Every structure is written in C-alpha cells, then in structure tokens.
Amino acid sequence: MDMSKAKIRERFKNHPVFTEFHRGVNFGFMAKRGYYTRQDVLEQPKAMAKAGVNFCTYNVNVCQENYHSRRVFQDYIFSSGDQELADMAKSLNDNGIRPMLKPCLTPLDGAWMGYVSMPETCQIAGVSHDYTGEWFASYTDAICHYAEFAEKNNIAALMVGAEDYGVEQWDDHWRKLIEKVRSIYSGPLTYEFTFQSLKTRRMDWINDLDFISYSYYPPAQDLPFGTPYSEAPVLTLDDMVNFLSSRRAKIESIVERFDGMPIAFTEIGVRSAHGCTANPCDFMQETYYDGEEQANYMEAVFKTFTGIPQWMGLYWWKWDETQIRPHYHTDPRGDKGFTIQGKPAEKVLLKYFGK
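Everything in the sequence shown is counted per the working numbering, starting at 48 for the first residue and increasing by one.
Below is the structure:
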C-alpha cells in the first residue's frame, strides 16, 4: 500500500495494520463452542506462518433466534467462549500472525446474516415500536463486549459487523455504535460489506471507520444461465486475468468514493471445483474437483489488484472447514471446498505470501 495516497488517521500512521501488506486467511467460520480449545486447531497458526500468513480474521458467532428477532446473545452451542478466543489470539500472536476479530451475526434459524432486518413502520394507527432501535441496542452491547475483549487480548483490528446487509442503511445507529466502540477499543475498526451494499446503500457511516473490508468474490468467467459448472470451459490463467481486468477500476472507484480510504479483501476465494469461478462464492453446486482452476483464480487475483495504491491485501476464504459438506467429497481426486492445503493453490499462496 502506498501510504502517501491512502487516507489514514494520524494515530494509526505507524500501526502494522497499515504498514504491513495483509497476507491473510479466514479462520473458524461457523466454529462452535469449544473449537478453539482443540490442540490441532491451536496449532494451525504454525502452519499459517509457514505459508507466509501474517494476518488472520478469526470468527466468533454472535447469535439471535431468527432473522427478525431483536435480541443478540452468546449461545452455549454456537458462540465461542471468551477464554478459548483469548487462547486462539495468543496462538496467532505467538506465531507472528496478527488477529482481526470478526463477530459474525448468526441467526439460529439458519438465515444468512444479510437477511436480518426490522419493520420500519407499524400498520395500526397510533401504535409505534422501535424495532430497529431495540436491535441496535442489543447488537451494540455485543460488539462492545468484543471491543473490551479485543483491547485486553492484543487484537490487531476489530470488525464491527460483516455482511449485515439488511441493517446497513441505518446511518445514525452505526455512527453511534462506532463511537461507543472507540471509547473501549483503541485499535483500528472496520466493517465487511458485500457487492450488494454499495449498489443500494449510501453507507456514509463507513467514513467513521479506519479501513474498508470487502467480502469480494468476482467471477472470472461468464457462463450462460443454467449451465452446469461441470460443463464450463477449461480456463487458463491468462483467461482469468483478462476477465478480471475490468474489476480493478471498480475497486479504484470504491476507494475514490471514500476519499482514499484503504481497502482489504477480507473474504476472497473459490472452491477447488470446476466451473466455480463463474460464481466464486457458491458453496452448493455439484461438479468435479479442479485444483488448477482454484490456483489460477488465486494468481489472477494477485495479478489484477496488486499495485492499487490503497489495496491493503487479501484474506483467502478459507483456511479451515468447520461444517459438514458431503458434496465436497464425492470426487476421489480431491476435496472440492474452499480450503487450499495440499492443493495446487497452496503453492500459489506460498509464491505470493512468501515474498
């Protein structure tokens, strides 16, 4: 990142979040309580360090009963305990990896966090109810809890939310939340938005944060609607670079919109499965194993976005898999998930992260 061209708050000019290129991975998505206590999990930062990783987002599930309920809480099944989160932070730091804590909104009805939303009005005349205010009050309490945790446990940066599309329009609520969190946590703050966010939201409150996080899964090919991934053409690295080339201007326009604020791709990845580069965030469609397509996509991303002055780097989605996905294991040639260990993409990661 070119520090002279990026908008960085004075107090963070020498902070490693802004002085170091982010060679990151995502870890612990949807991890249940007790996951970070396992010895094999606590040893993963050693493997990350060998791959050149220097930053890691690690997840904690912040739960609510369903997509429209108004109380946020720690769940004894789905929410990691504070002590195990602290032990994980220590393991990351001890291995030279800077942790970014990612509280991840998790409705227990299985809905995507982006569907969380509240009614804006009441139908009955004379009846009013502040659904949104109640939700933000509870959510703010949750984020403030993790802000206090982050301050005590050497957390390099804190996300105040991720992909919460349905509540992103509430500018005043987010600004108040950020102000309260800043009174507790002294490190950099960010929020992870999706491609939908900036199309339909002003999101001026992003300016109150310290850098932009983008959950970004740009396609590297265009398949006709309804075409099975298994029938997609075989693409070369050059094919993907050429397809992605127009996306560089999109990122530059986002940076310009927020007056030069630095941007990190805090989620970017694709499955090691053929045709998935047509929709890299897809985790469901059945197809066959294709480790080379995943590797070429990763390299094409580096070739496309390296050199943007405000680009902080990326966090590959993802280092580990905590959920049971039977369709990832139907091809004896390899695991078809997003992980890269033991696959061709691991060598690409070493090539770029090892620099």
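The C-beta atom is built at its ideal place from N, Cα and C for all residues, glycine as well.
Source: prediction; values computed, not measured.
Contact between Ala311 and Val395 fails: their C-beta atoms lie close to 19 Å from each other, not under 8 Å.
Residue pairing by DSSP places Leu396 in no beta bridge whatsoever. Between Val214 and His220, the CB-CB gap stays under 9 Å. In this structure, Leu236 is the residue among Arg248, Ser244, Leu236, His374 with its C-alpha nearest to the C-alpha of Phe65. Going by C-alpha positions, Ala209 is about 8 Å away from Lys149. Contact between Tyr114 and Pro154 holds, since their C-beta atoms are separated by about 5 Å, short of 8 Å. The closest CA to that of Met165, considering only Gly180, Leu132, Ile355, is found on Gly180. Sequence-distant partners of Pro266 (beyond 5 residues in either direction) whose C-beta falls short of 8 Å from its own C-beta, in its chain, are Phe290, Thr324, Ala325, Asn326, Pro327.
In this chain, the alpha helix (DSSP H) harbouring Ile225 covers 218 to 229.
About 5 Å separates the beta carbon of Glu131 from that of Thr84, a gap short enough to meet the 8 Å contact definition. Among the bridge pairs identified by DSSP, Thr168 is matched with none. Boundaries of the alpha helix (DSSP H) around Tyr186: 178 to 199. Lys60 and Ile225 have their C-alpha atoms roughly 20 Å apart. In this structure, Leu89 lies away from Met147, with their beta-carbon atoms at least 9 Å apart. Per DSSP, reduced to three states, the secondary structure at Cys328 is coil, with no helix or strand assignment. Separation of Ser230 and Asp122 (C-alpha to C-alpha, rounded to the nearest whole angstrom) is 26 Å. In chain order, Ala279, Ala325 place their CB closer than 6 Å to the CB of Leu270, counting only its own chain and leaving out the 5 sequence neighbours on each side. Judged by DSSP secondary structure, Asn73 falls within the beta strand (DSSP E) whose first and last residues are 69 to 74.
DSSP places Arg80 in no beta strand (DSSP E); its state is neither H nor E.
Your pair Gly338 and Pro373 does not check out as a contact, with CB atoms roughly 19 Å apart and the cut at 8 Å. At the C-beta level, Arg304 and Leu245 come within 9 Å of one another. In the displayed model, Asn113 falls within coil according to three-state DSSP, outside both helix and strand. Taken in chain order, the complete beta strand (DSSP E) segments of 3 residues or longer contained in the segment 334 to 367 are 358 to 363.
Contact between Ile253 and Glu299 is absent: CB atoms are separated by about 16 Å, not below the 8 Å threshold. Taking a C-beta distance under 9 Å as the contact criterion, Val107 and Phe120 do not qualify as a contact pair. Per DSSP, the continuous beta strand (DSSP E) segment holding Met147 begins and ends at 145 to 154. Contact check for Val100 and Gly128: beta-carbon distance about 25 Å, past the 8 Å limit, so the pair fails to qualify. Contact check for Tyr276 and Gln357: beta-carbon distance about 33 Å, past the 8 Å limit, so the pair fails to qualify. Within the DSSP secondary-structure output, Thr237 pairs in a beta bridge with Met206, Phe258. About 18 Å separates the beta carbons of Ser138 and Pro63, which is beyond the 8 Å limit, so they are not a contact pair. When rounded, the separation of the alpha-carbon atoms in Gly381 and Glu340 is 13 Å. Thr369 is a Cβ neighbour of Lys79, given a cutoff of 9 Å. Put simply, the backbone Cα of Gly161 is about 14 Å away from that of Trp217.
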